[in-house]
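What follows is a set of notes on a single structure, which appears directly below.
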Amino acid sequence: MPRRRRERLALMNPAQHAGIEGKAAERLTAMMKGTREKVQLEYKSYVIGLGTYLKREYPAAWKKFQNDWDRGGDYFSQADIELEARVKVRIFGSTIETK
(Lines of atoms letter the chains of each structure in order from A and count residues from 1; the text may use other names and numbers.)
(Lines give C-alpha, C1' and ligand atoms only; values in the text may rest on other atoms or scores of the structure.)
Protein backbone atom coordinates (compact mmCIF):
# COMPACT_ATOMS: atom_id res chain seq x y z
CA MET A 1 0.00 0.00 0.00
CA PRO A 2 1.54 3.32 -1.00
CA ARG A 3 2.32 5.79 1.74
CA ARG A 4 0.34 8.95 1.76
CA ARG A 5 2.22 12.15 1.24
CA ARG A 6 2.01 14.39 4.26
CA GLU A 7 1.20 18.00 3.64
CA ARG A 8 0.99 20.92 5.94
CA LEU A 9 -2.19 22.89 5.44
CA ALA A 10 -2.99 26.30 6.77
CA LEU A 11 -6.50 25.38 7.88
CA MET A 12 -7.31 28.91 8.90
CA ASN A 13 -6.46 30.20 5.42
CA PRO A 14 -9.80 30.57 3.58
CA ALA A 15 -8.01 30.25 0.24
CA GLN A 16 -7.34 26.58 1.02
CA HIS A 17 -10.88 25.72 2.12
CA ALA A 18 -12.28 25.15 -1.39
CA GLY A 19 -9.41 22.83 -2.26
CA ILE A 20 -9.86 20.82 0.92
CA GLU A 21 -13.61 20.56 0.35
CA GLY A 22 -13.04 19.54 -3.27
CA LYS A 23 -10.60 16.77 -2.33
CA ALA A 24 -12.96 15.54 0.39
CA ALA A 25 -15.84 15.48 -2.12
CA GLU A 26 -13.72 13.52 -4.62
CA ARG A 27 -12.76 10.90 -2.02
CA LEU A 28 -16.31 10.62 -0.69
CA THR A 29 -17.71 10.23 -4.22
CA ALA A 30 -15.17 7.48 -4.96
CA MET A 31 -16.11 5.66 -1.75
CA MET A 32 -19.83 5.92 -2.53
CA LYS A 33 -19.29 4.63 -6.08
CA GLY A 34 -17.28 1.68 -4.76
CA THR A 35 -20.06 0.83 -2.32
CA ARG A 36 -22.70 1.17 -5.04
CA GLU A 37 -20.77 -1.15 -7.36
CA LYS A 38 -20.33 -3.73 -4.63
CA VAL A 39 -24.01 -3.85 -3.62
CA GLN A 40 -25.26 -3.64 -7.22
CA LEU A 41 -22.92 -6.04 -8.98
CA GLU A 42 -21.47 -8.34 -6.34
CA TYR A 43 -24.27 -8.65 -3.78
CA LYS A 44 -27.10 -7.73 -6.17
CA SER A 45 -28.92 -6.66 -3.08
CA TYR A 46 -30.88 -3.58 -2.17
CA VAL A 47 -29.36 -2.32 1.09
CA ILE A 48 -28.93 1.42 0.58
CA GLY A 49 -32.51 2.66 0.91
CA LEU A 50 -33.00 3.56 -2.74
CA GLY A 51 -36.25 1.60 -2.97
CA THR A 52 -37.59 3.44 0.07
CA TYR A 53 -36.66 6.74 -1.56
CA LEU A 54 -38.38 5.75 -4.83
CA LYS A 55 -41.49 4.60 -2.97
CA ARG A 56 -41.72 7.91 -1.13
CA GLU A 57 -40.74 10.32 -3.93
CA TYR A 58 -42.00 8.48 -7.03
CA PRO A 59 -44.83 6.17 -5.91
CA ALA A 60 -46.17 5.50 -9.43
CA ALA A 61 -42.74 4.40 -10.68
CA TRP A 62 -42.17 2.32 -7.54
CA LYS A 63 -45.44 0.47 -8.07
CA LYS A 64 -44.18 -0.57 -11.50
CA PHE A 65 -40.77 -1.78 -10.21
CA GLN A 66 -41.43 -3.03 -6.68
CA ASN A 67 -42.03 -6.71 -7.48
CA ASP A 68 -38.84 -7.01 -9.53
CA TRP A 69 -36.65 -4.52 -7.68
CA ASP A 70 -34.00 -6.98 -6.52
CA ARG A 71 -35.26 -10.25 -8.01
CA GLY A 72 -36.93 -11.33 -11.24
CA GLY A 73 -36.38 -8.30 -13.50
CA ASP A 74 -33.63 -7.24 -11.08
CA TYR A 75 -33.99 -3.52 -11.78
CA PHE A 76 -31.71 -2.56 -8.89
CA SER A 77 -28.57 -4.28 -10.20
CA GLN A 78 -29.23 -2.88 -13.69
CA ALA A 79 -30.02 0.67 -12.60
CA ASP A 80 -27.75 3.50 -13.72
CA ILE A 81 -27.15 5.30 -10.44
CA GLU A 82 -25.19 8.54 -10.50
CA LEU A 83 -23.54 9.75 -7.31
CA GLU A 84 -21.89 13.02 -6.44
CA ALA A 85 -20.80 14.34 -3.06
CA ARG A 86 -20.79 18.00 -2.20
CA VAL A 87 -18.75 18.85 0.88
CA LYS A 88 -18.91 22.06 2.87
CA VAL A 89 -16.75 22.22 5.97
CA ARG A 90 -18.31 24.67 8.37
CA ILE A 91 -15.59 24.74 11.00
CA PHE A 92 -11.91 24.22 10.31
CA GLY A 93 -9.83 23.31 13.30
CA SER A 94 -7.12 20.98 14.45
CA THR A 95 -7.20 17.22 14.77
CA ILE A 96 -5.05 14.74 16.60
CA GLU A 97 -3.33 12.26 14.34
CA THR A 98 -3.69 8.61 15.31
CA LYS A 99 -1.74 5.62 14.07
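Heads up: the sequence shown begins at 38 in the working numbering, then just goes up one per residue.
Backbone N, C-alpha and C fix where the C-beta goes; we use that ideal spot for every residue, glycine too.
In this structure K81 is in contact with D107, their Cβ atoms being roughly 7 Å apart against a cut-off of 8 Å. For K92, the enclosing alpha helix (DSSP H) starts and ends at 87-94. With a cutoff of 8 Å on beta-carbon distance, E121 and T66 are scored as near each other. Rounded to the nearest whole angstrom, the C-alpha separation of V76 and V84 is 7 Å. In the displayed model, E121 falls within coil according to three-state DSSP, outside both helix and strand. The DSSP-derived three-state label of R64 is helix.
For Q115, the uninterrupted alpha helix (DSSP H) segment begins and ends at 112-115.
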